[in-house]
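There are 4 protein chains.
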Amino acid sequence: MSGTSPNNSGSSAGRPRSEQAHQAILDATLELLVEGGYSALTVEGVASRAGVGKATIYRRWASKLPLIVEAFGGLPGFEDCDTGNLSDDLKRMLGRYLEVFNTTALSAVLPSLAGERFHNDELSTLFEPVSMSRRRPLIDALERAQERGELSREIDLELAADLVVGPIAVALFFKGGRLKPEMVGPMVDLALRGLRA
Amino acid sequence: MSGTSPNNSGSSAGRPRSEQAHQAILDATLELLVEGGYSALTVEGVASRAGVGKATIYRRWASKLPLIVEAFGGLPGFEDCDTGNLSDDLKRMLGRYLEVFNTTALSAVLPSLAGERFHNDELSTLFEPVSMSRRRPLIDALERAQERGELSREIDLELAADLVVGPIAVALFFKGGRLKPEMVGPMVDLALRGLRA
Amino acid sequence: MSGTSPNNSGSSAGRPRSEQAHQAILDATLELLVEGGYSALTVEGVASRAGVGKATIYRRWASKLPLIVEAFGGLPGFEDCDTGNLSDDLKRMLGRYLEVFNTTALSAVLPSLAGERFHNDELSTLFEPVSMSRRRPLIDALERAQERGELSREIDLELAADLVVGPIAVALFFKGGRLKPEMVGPMVDLALRGLRA
Amino acid sequence: MSGTSPNNSGSSAGRPRSEQAHQAILDATLELLVEGGYSALTVEGVASRAGVGKATIYRRWASKLPLIVEAFGGLPGFEDCDTGNLSDDLKRMLGRYLEVFNTTALSAVLPSLAGERFHNDELSTLFEPVSMSRRRPLIDALERAQERGELSREIDLELAADLVVGPIAVALFFKGGRLKPEMVGPMVDLALRGLRA
DNA sequence: TCGTAAGCGAGACGGTACGTCGAGTCTTGCT
DNA sequence: AGCAAGACTCGACGTACCGTCTCGCTTACGA
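Protein chains in written order, with our numbering: chain A, 77 to 273; chain B, 77 to 273; chain C, 77 to 273; chain D, 77 to 273.
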């Protein structure tokens, strides 16, 4: 992923970095993110919670941001689900995702990162591939539907995926309220049928 | 706007608050937001840029956040447009908004605020009405379409609005790329027709 | 706003520095120096003992050293004493000084500063005048003795002063033992008579 | 010198300690002491300069301090000189010492150690015998003078030695200027004759 | 001749203090 | 009263060393 593998190519001298400390740091980061959100996350707090010196953190991550990105990367994304029917696929994937979202640090981490990346090229670079790979299963489901003839060949799948998850993004960023799993059904139906149906 | 009017309920002794300083502060806030984003915005920076003492800022806003929210509130939102046709209404509104978005501080401010509100109840409360009122013209256009019979009476207009702006939100937060006005046409068409069209 | 008001150049804008904080810092420095010596003195400790933020310290002193120099400057030096007789003058001055030395932070501060100045030009510059002014009363007493005819006109007073305080310096730096007031009598006698007497 | 001999009492298994590393460490210590003084000396710096691991240093010396003391112990002290005449003995010894002083690390190391020992009992204990043994030749010369009848039997030789080197100590610690060999003649003469001569 | 035991350079470990910066508050003298 | 200026306390930042602890070698000895 990034420069975090404990034994860098060929290099071997010196005591190797502790995989245990690494994980403790990531765990502590996620815990604190859940407890207080991005703005309450301090490197000192992470160090203390993980039982680790600050230097051990800064040795691995240049700053708070890449640390959060990596912690974020360990969180679950969409989980593919192939029922042979697009509507069901989407409803299950989104439903499951929302559950995960509401029970993990995801809901705390994602908006912060998304907001911050705008002003932070480094974060942007780090975040890009993580963000993209998370959408993958969604695109896959749409491709399968296209192959089955459920969807026109002309449809831009990227745009289609955006349309499907769009209402979630809007709710997330502009409405702030918790995202309820019951929203998923009508949401997917509307996206499939269109407003004018 | 909010509780910032310079002459509070009848009280009058002493020197009145300077309207000029007020505006200078708001302007400086927006400028700095554009330049460095949320995380680089400091009250000290605002004070210095506005040629104002810090106390003058804290006398009007309880903290950094309400200041940013008010500055944000001064930025343009959707501008209503009634062509008698939903597709055209939406395309024009979204197209115009994107233009505004790309030429003002909006693109810098919005994601930051949206990201931060999640961990900050105070901000959330402040942000809510501002955020809602910005969506208003969109909902209005959808209502008109419903009255004209273009849209079914059963449709949840909130959800419909989310579907329409959803792809913009996704592009904004997860793809990070600038939002191009050309995207608007296909986006609206797809939302109106639905994926299965 | 202001306009053309001729501000007193440099001196007056803003809240003035707290004389109280200043003194609290100096006091805390001396206390901690007495308790743990130079190497145990931390700026953080001083701040906490003085009930002051670190920034308040760094606003006044560029680093630990100038702070110590100033604290040192507040400690008493030789106190002039004119009995009309060189031997008595010297014995009293040295005796009194040793008392002061053994009951204040002086014994902790002086050797550290003396040792450090060798590698620290800034400190050297700061320390020079303080150090010199402390010797002054000694030189004065020697001058009076010269005027009375007790001492030859040919004698280099600087060297003479060095000879008189020399044994103290030696005891201080190389023997480390506490300096006993009883040493003063024989010391001065020997310096006046010379080894070969 | 101390407990640093590489082959400890009989035990022998394993690789013996490298005498070469030992010396490289001592040399590096002295070099760095000359360059930046006590406060700038870091064990990490010594290790790096000596091309040695930190553990190799800590295996031999319990901490920074004993290392410095041992390095200091390797520097030259007074060198005895017996001309049959006290004045000449002293002038030569002091003169030679000053030369050595000005051309070796001594001038950098001595003040730092002397200053630090005051706050550091461990250092003090370590430093004591080293410091004392360096004065030895001076005391010897004074004893010889006493035996020859040049000096009264009543004189306290310790005090006499202090008087002789006193001005050097003063110049060193309080005047900071380099010590010039020309000072030696008048200095010794004055100490021998006394101020009142 | 080989295993064992210690030493080796390198560098990560948990800590503590550094000197800096910003938040939000307070205190000057002016307007 | 409000104002610009700037000092105040507090607390996090990212860095540098301390003294300790592995790593994977290397080097001698004694079985």
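Here a beta-carbon is modelled for each residue, glycine too, at the ideal position from N, C-alpha and C.
Proximal residues to Ser81/C (C-beta, below 7 Å), its chain only, five neighbours per side dropped: Locating residue 81/C in the third sequence gives position 5, where the first residue counts as 1. Residue confidence is low: Ser81/C scores 36 on pLDDT, short of 50, so the model does not pin down where it sits. Its coordinate-derived value is still stated next. Excluding sequence neighbours, Ser81/C sits near nothing in its chain.
CB of Lys167/A within 8 Å of CB of Gly270/A, strictly: Locating residue 167/A in the first sequence gives position 91, where the first residue counts as 1. Locating residue 270/A in the first sequence gives position 194, where the first residue counts as 1. Cβ atoms of Lys167/A and Gly270/A: not closer than 8 Å.
Buried/exposed call for Pro92/D, threshold 16 Cβ in 10 Å: To locate residue 92/D, count along the fourth sequence from 1; it is residue 16. Answer is exposed; the Cβ neighbour count stays below 16.
Residues near Leu233/B by beta carbon distance below 6 Å, same chain, minus five either side: Taking the first residue of the second sequence as 1, we reach residue 233/B at position 157. Result list for Leu233/B: Ile215 and Leu218, in chain order.
Nearest neighbour of Leu227/C, chosen from Leu255/D, Arg272/D, Ala123/D and Phe177/D [CA to CA]: In the third sequence, counting from the first residue as 1, residue 227/C sits at position 151. Of the candidates Leu255/D, Arg272/D, Ala123/D and Phe177/D, the one whose C-alpha sits nearest the C-alpha of Leu227/C is Arg272/D.
Close-in-space but distant-in-sequence residues of the same chain around Ser188/D (CB under 6 Å, 5 per side omitted): On the fourth sequence, residue 188/D is found 112 positions in, with the first residue counted as 1. Result list for Ser188/D: Gly113 and Tyr114, in chain order.
Contiguous alpha helix (DSSP H) assignments of at least 4 residues, all confined to the region 110-179 of chain A: Correct list: 119-126, 130-136, 140-149 and 162-179.
Contact test: Glu146/B Cβ vs the ligand HEM heavy atom, cutoff 7 Å: Only the bare structure without any ligand can be found here, which leaves the ligand HEM out of the picture.
is_contact[Met263/D, chain C] using C-beta, thresh 8 Å: Here residue 263/D is taken as the residue at index 187 of the fourth sequence, counted from 1. Interface residue, yes.
Proximal residues of chain B, C-beta to C-beta of Val274/A below 8 Å: Outside the displayed range of chain A (77 to 273) lies residue 274/A, so it cannot be described from this structure.
Contact check, Val240/D vs Ser163/D, beta carbons under 8 Å: Against the fourth sequence, residue 240/D aligns to sequence position 164. Against the fourth sequence, residue 163/D aligns to sequence position 87. Contact: no.
Element boundaries [alpha helix (DSSP H), containing Asp238/A]: Position 162 of the first sequence holds residue 238/A. Per DSSP, Asp238/A belongs to the alpha helix (DSSP H) from Leu233 to Val246.
8 Å Cβ cutoff, Arg220/C in contact with chain D: The residue labelled residue 220/C in the question sits at position 144 within the third sequence. No, Arg220/C does not count as interfacial toward chain D.
Nearest residue (CA-CA) to Tyr304/A, options Ala181/A, Asp158/A and Phe154/A: Because chain A in this structure spans residues 77 to 273, residue 304/A falls outside the shown range and cannot be described.
Which of helix, strand or coil DSSP assigns to Leu227/D: As a working mapping, residue 227/D is identified with position 151 in the fourth sequence. Residue state, collapsed to three classes: coil.
Endpoints, the alpha helix (DSSP H) within which Met263/A is located: Taking the first sequence and counting its residues from 1, one reaches residue 263/A at position 187. Element bounds for Met263/A: Val260 to Arg269.
Contact check, Asp197/C vs Ala247/D, beta carbons under 8 Å: Sequence index remark: in the third sequence, residue 197/C carries index 121 (1-based). Sequence index remark: in the fourth sequence, residue 247/D carries index 171 (1-based). In this structure, the beta-carbon distance from Asp197/C to Ala247/D does not fall below 8 Å.
First and last residue of the uninterrupted alpha helix (DSSP H) at Pro257/B: By one-based count along the second sequence, residue 257/B stands at place 181. Run containing Pro257/B: none; DSSP gives neither H nor E here.
Cβ-based burial, Arg254/A [other Cβ within 10 Å; buried from 16]: Taking the first residue of the first sequence as position 1, residue 254/A is located at position 178. Residue burial is scored here from C-beta neighbours: Arg254/A has fewer than 16 other C-beta atoms within 10 angstroms and is therefore classed as exposed.
Any C-beta of chain D under 8 Å from that of Glu226/C: The residue given as residue 226/C occupies position 150 in the third sequence. True, the Cβ-Cβ gap to chain D drops below 8 Å.
Ser94/C - DSSP class collapsed to helix/strand/coil: Here the question's residue 94/C lines up with position 18 in the third sequence. Coil at Ser94/C, not helix or strand.
Chain C contacts made by the region 102-113 of chain D, where a contact means CB separation under 7 Å: Cβ contacts with chain C: Gly112 and Gly113.
DSSP three-state assignment for Arg272/A, whether helix, strand or coil: Counting from 1 along the first sequence, the entry for residue 272/A is found at position 196. Three-state DSSP puts Arg272/A in coil, outside helix and strand.
For Ala181/D and Val122/D, believed in contact at Cβ under 8 Å, the rounded distance: Counted from its first residue, the fourth sequence places residue 122/D at position 46. Counted from its first residue, the fourth sequence places residue 181/D at position 105. Actually they do not touch by this definition, with Cβ atoms about 13 Å apart.
Cutoff 6 Å; reference Arg193/B; Cβ partners in own chain excluding five residues on either side: Here residue 193/B refers to the residue found at position 117 when the second sequence is read from its first residue. The beta carbon of Arg193/B is closer than 6 Å to those of Leu199, Ser200 and Phe203 in its chain, skipping five residues each way along the sequence.
Alpha-carbon spacing of Ala267/A relative to Arg125/B, whole angstroms: Taking the first residue of the first sequence as position 1, residue 267/A is located at position 191. Taking the first residue of the second sequence as position 1, residue 125/B is located at position 49. Just so you know, the alpha carbons of Ala267/A and Arg125/B end up roughly 47 Å apart.
Residue closest to Arg220/B, alpha-carbon to alpha-carbon, out of Ile101/B, Gly129/B and Asp156/B: In the second sequence, the residue the question calls residue 220/B occupies position 144. Distances from the CA of Arg220/B to each of Ile101/B, Gly129/B and Asp156/B were compared; the closest alpha carbon is that of Asp156/B.
Helix, strand or coil at His195/D [DSSP, three-state]: To locate residue 195/D, count along the fourth sequence from 1; it is residue 119. DSSP places His195/D in coil when its eight states are reduced to three.
CB contact below 8 Å: Phe154/D versus chain C: If you number the fourth sequence from 1, residue 154/D lands on position 78. Not closer than 8 Å to any Cβ of chain C, the Cβ of Phe154/D fails to qualify, so no.
Inter-residue spacing [alpha-carbon to alpha-carbon] between Asp158/D and Ala138/D: Counting from one through the fourth sequence, the residue named residue 158/D turns up at place 82. Counting from one through the fourth sequence, the residue named residue 138/D turns up at place 62. Across the structure, Asp158/D and Ala138/D are spaced so that their CA atoms are roughly 40 Å apart.
Classification of Ser88/A by the beta-carbon crowding that lies within 10 angstroms, buried from 16 upward: Within the first sequence, numbered from 1, the residue matching residue 88/A stands at position 12. Burial call: exposed.
Alpha-carbon to alpha-carbon, Arg136/B and Gly90/B: Taking the first residue of the second sequence as position 1, residue 90/B is located at position 14. Taking the first residue of the second sequence as position 1, residue 136/B is located at position 60. Rounded to whole angstroms, Gly90/B to Arg136/B spans 16 Å at the Cα level.
Proximal residues of chain B, C-beta to C-beta of Ala89/A below 7 Å: By one-based count along the first sequence, residue 89/A stands at place 13. For Ala89/A, no chain B residue has a C-beta closer than 7 Å to its own C-beta; the minimum C-beta separation is roughly 37 Å.
Secondary structure of Ser200/B, DSSP reduced to three states: Translated into positions along the second sequence, residue 200/B becomes position 124. Correct three-state label for Ser200/B: helix.
Backbone secondary structure at Ala217/C - three-state DSSP: Translated into the one-based positions of the third sequence, residue 217/C becomes position 141. DSSP, read as helix, strand or coil, puts Ala217/C in helix.
Chain B within 8 Å of Ala116/A, Cβ atoms only: Mapped onto the first sequence, residue 116/A falls at position 40. With 8 Å as the cut-off, Ala116/A counts as an interface residue toward chain B.
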